[in-house]
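Following the working numbering, the numbering of the sequence shown begins with 175 at its first residue and continues without gaps. Every residue, glycine too, gets a C-beta built ideally from N, C-alpha and C. Single-structure report; data block below.
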Amino acid sequence: MPTDRVQRSSGNVFADINVPNPNQYLAKAELAARIHQIVQRRRLTQAEAGKVLGITQPKVSALLSGRLDGFSSDRLFRFLNALGCDVQIVVSKPHPRSHGLVKVMAG
């Protein structure tokens, strides 16, 4: 009889599945989710979104489907700017006993 084990999440699925640089992956996923929300809210087709973002429709499809390996955080920032969003980057004081985190917060 199989036993199902439940493991508590760390809050970052990428860390939970041992992806290298999980904080960066989570940040990119959150940026892409914000882009997706704006595209949906504006009811843009992928072709229309591509014109706004300066990319092809297949790249928009990849972005909106969460296939983010071809997109840097900087590029996602530029997409948000093209969609009319301000992007603010805040650097905290150093945490001497731990690594810093990358967080995306919607305003």
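* Asked: Thinking C-beta only, is Val261 closer than 8 Å to Asn255?
  -> yes
* Asked: How many angstroms separate the CA atom of Gly228 from the CA atom of Ala201?
  -> 22 Å
* Given a cut-off of 8 Å, decide if Leu218 and Phe250 are closer than it, judged by their beta-carbon atoms. => Reading the sequence as shown, one finds Leu at residue 250 and not Phe. For Leu250 and Leu218, no; Cβs fall outside 8 Å.
* Asked: Sorted by chain position, which residues of the same chain lie with C-beta nearer than 7 Å to Val193's C-beta, five sequence neighbours on each side aside?
  -> Tyr199
* **C-alpha gap between Arg271 and Asn197, whole angstroms** => 17 Å
* Asked: Can you tell me the Cα-Cα spacing of Val155 and Gln214, whole angstroms?
  -> Residue 155 is absent from the structure shown; the chain starts at 175 and stops at 281.
* **Ile229, DSSP secondary structure in three states** => coil
* Candidates Gln220, Gly240, Ser239, Leu238: which alpha carbon is nearest Gln231's? -> Gln220
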